[in-house]
Amino acid sequence: MGRRRRITWRYLAAALLALTMGAVVLPAPAQAVDYPGGRRIYSVALGAIPAAGAPATAPVWVRLATYYFFGNGTVTESFWYWNRSTVVGAAGTGVRTTGCTGHDCEVRTAAGFQPGGVVKSLSGTYTNAGDSITITWSGGVQETWAVSQPASDLARLDFVSSNYGVTVGWGFGSSASNDAYTPVGNIPLAQYTGRYAGYSGSTGAAGPSGMDLRSFARCNGNCLSWLSPPTATCSSCPNGATSAPIRYYLAGAGRRNFYEHWCTCLTSSTCYTGGSHRKPQLQVIGDNGTFHGWVGVEASNSTANTGYFAVHFHVNV
4 MGRRRRITWR YLAAALLALT MGAVVLPAPA QAVDYPGGRR IYSVALGAIP
54 AAGAPATAPV WVRLATYYFF GNGTVTESFW YWNRSTVVGA AGTGVRTTGC
104 TGHDCEVRTA AGFQPGGVVK SLSGTYTNAG DSITITWSGG VQETWAVSQP
154 ASDLARLDFV SSNYGVTVGW GFGSSASNDA YTPVGNIPLA QYTGRYAGYS
204 GSTGAAGPSG MDLRSFARCN GNCLSWLSPP TATCSSCPNG ATSAPIRYYL
254 AGAGRRNFYE HWCTCLTSST CYTGGSHRKP QLQVIGDNGT FHGWVGVEAS
304 NSTANTGYFA VHFHVNV
């Protein structure tokens with residue numbers, strides 16, 4: 004009887020040891036990480052733009068993205084990227100200005116941003132220090148952003164530093180789903196303010212920026228347009244004129260919005276297919292679906308190492 008009891012305890016001890024050893028090697032659950040500013044999905048614009056007044060000493064490029072943060076400390080990014088050293092060109096969006104008096108033209112955008120264009124992706128991890136986050140993307144490239152909350156339904160990212168050439172960036176995030184958006188025809192016709200950083204071939208420029216829709220007409224449910232008064236901004240017209248009106252278009256496909264404008268003196272036709280300013284933008288949507296504005300970039304060239312590249316935001320809070 005005593006021998007049987009010793010054997011029983013021996014097997015029980017072995018079983019307990021096996022369970023204990025098994026518990027040691029089981030992977031521990033991932034520790035929860037707070038979302039930046041308490042928000043999970045951000046519209047982000049960033050790039051490598053020379054500082055105001057400084058020449059370009061490195062490649063000039065821009066990126067427009069959606070950042071998705073997860074509570075296990077991982078992050079993914081869907082993005083579009085344009086480099087000034089390569090030809091970007093223009094692509095039709097499939098959206099027309101039908102309904103606006105006197106013209107029926109297709110709105111264009113930077114090639115790649117049109118509906119059906121290829122969307123690239125990155126994945127990585129992030130750490131959250133409360134008022135700042137650091138993202139480490141696959142391959143070891145890093146970004147650090149300051150985090151703030153400019154409105155009760157919105158959080159904001161301001162670029163701080165990177166180890167791969169980024170010089171400027173802004174992002175706005177909320178708890179709204181990634182498919183939440185405001186149809187262009189429903190966007191409030193207001194003045195939206197923000198900042199920009201840009202480069203056109205000499206030195207960088209930066210400062211306050213605005214996007215004023217107060218005079219725009221609603222062509223249809225997915226397009227706005229405005230013809231400005233003559234402006235000296237159009238001072239290099241082929242016909243020798245030193246001013247001309249600017250035609251503006253704003254169209255959309257979900258959160259993706261297509262902002263295009265051009266000097267009307269560049270063509271005798273109603274529609275223009277030349278070198279317009281093409282500005283891909285992503286809508287900034289609050290927690291409960293409120294439209295606040297956009298983050299965006301400009302990638303306008305038809306020849307490598309020419310044209311205007313910029314990063315901007317126009318957001319009302």
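Letter 40 of the sequence shown, counting from 1, is numbered 43 in the working numbering, and no numbers are missing.
The C-beta atom is built at its ideal place from N, Cα and C for all residues, glycine as well.
Suppose you measure from the CA of W64 to the CA of T77; what does that come to, to the nearest Å?
Start at 1 with the first residue of the sequence shown, and residue 64 comes out as number 61. Start at 1 with the first residue of the sequence shown, and residue 77 comes out as number 74. Approximately 25 Å, taken between the alpha carbons.
Which one or two residues does DSSP pair with V287 in a beta bridge?
Position 284 of the sequence shown, counted from the start, is the residue given in the question as residue 287. V287 is bridged to G296.
At the level of alpha carbons, what is the spacing between G255 and P211?
The count along the sequence shown starts at 1 and reaches residue 255 at position 252. The count along the sequence shown starts at 1 and reaches residue 211 at position 208. So the alpha carbons of these two residues sit roughly 25 Å apart.
Who are the near neighbours of T196 in its chain, counting only those whose CB is closer than 6 Å to its CB and skipping five residues on each side?
By one-based count along the sequence shown, residue 196 stands at place 193. Closer than 6 Å at Cβ, skipping near neighbours: G213.
Pick helix, strand or coil for V318, following the three-state DSSP scheme.
Counted from its first residue, the sequence shown places residue 318 at position 315. Three-state DSSP puts V318 in a strand.
Which residue spans inside the stretch 99 to 137 form an unbroken beta strand (DSSP E) run of at least 3?
Segments of the beta strand (DSSP E) lying fully in the stretch 99 to 137: 109 to 113 and 123 to 131.
Apart from the five residues on each side of it in sequence, which residues of its chain come closer than 8 Å, Cβ to Cβ, to I190?
Position 187 of the sequence shown, counted from the start, is the residue given in the question as residue 190. Here the set comprises L216, L227, L253 and F294.
D37: which of L49, F72 and R66 sits nearest, CA to CA?
To locate residue 37, count along the sequence shown from 1; it is residue 34. The candidate whose alpha carbon is nearest that of D37 is F72.
What does T139 pair with, by DSSP beta-bridge criteria?
Residue mapping note: residue 139 aligns to position 136 of the sequence shown, counting from 1. In the DSSP output, where bridge partners are listed per residue, T139 has T128 and Q145.
Does G50 come out as helix, strand or coil in the three-state DSSP assignment?
Your numbering for residue 50 matches position 47 in the sequence shown. Three-state DSSP puts G50 in a strand.
Can you give me the Cβ contacts of W229 inside the same chain, cut-off strictly under 7 Å, excluding the 5 residues immediately before and after it?
Within the sequence shown, numbered from 1, the residue matching residue 229 stands at position 226. For W229, where only same-chain residues beyond five positions count, the Cβ hits under 7 Å are S218, F219, A220 and Y251.
For a quick check, are the C-beta atoms of W173 and V163 less than 8 Å apart?
Sequence index remark: in the sequence shown, residue 173 carries index 170 (1-based). Sequence index remark: in the sequence shown, residue 163 carries index 160 (1-based). Cβ atoms of W173 and V163: not closer than 8 Å.
Is DSSP giving G201 helix, strand or coil here?
As a first step, residue 201 must be located in the sequence shown, where it is residue number 198. In this structure, G201 counts as strand in the three-state DSSP scheme.
Can you give the Cα-Cα distance for G97 and C222, rounded to whole angstroms?
Here the question's residue 97 lines up with position 94 in the sequence shown. Here the question's residue 222 lines up with position 219 in the sequence shown. Distance between the alpha carbons of G97 and C222: 14 Å.
In terms of alpha-carbon separation, which member of L67, N319 and A302 lies closest to A114?
By 1-based counting over the sequence shown, the position of residue 114 is 111. Measuring from the Cα of A114, the nearest candidate turns out to be A302.
Quick check on DSSP: helix, strand or coil for A33?
Residue numbering aside, residue 33 sits at position 30 when the sequence shown is read from its first letter. Reliability of the predicted coordinates at A33 is poor, the pLDDT of 49 falling under 50, and the value obtained from them is presented with this limitation in mind. Correct three-state label for A33: coil.
T196 by DSSP, collapsed to three states: which one?
Your numbering for residue 196 matches position 193 in the sequence shown. If DSSP states are grouped into helix, strand and coil, T196 belongs with the strands.
Could you name the residues of the same chain whose beta carbon sits closer than 8 Å to that of P32, not counting the 5 residues immediately before and after it, in chain order?
Numbered from its first residue, the sequence shown carries residue 32 at position 29. For P32, the pLDDT reaches just 40, beneath the cut-off of 50, and the residue's location in the model is therefore unreliable, although a value from the coordinates is still provided. Result list for P32: empty, nothing under 8 Å.
Check the C-beta distance from S46 over to V300 and give it rounded, since I have them as a contact under 8 Å.
The residue given as residue 46 occupies position 43 in the sequence shown. The residue given as residue 300 occupies position 297 in the sequence shown. Not confirmed; about 11 Å, so no contact.
Buried or exposed for N291, going by 16 or more other Cβ atoms inside 10 Å?
The sequence position of residue 291 within the sequence shown is 288, counting from 1. So N291 ends up on the exposed side.
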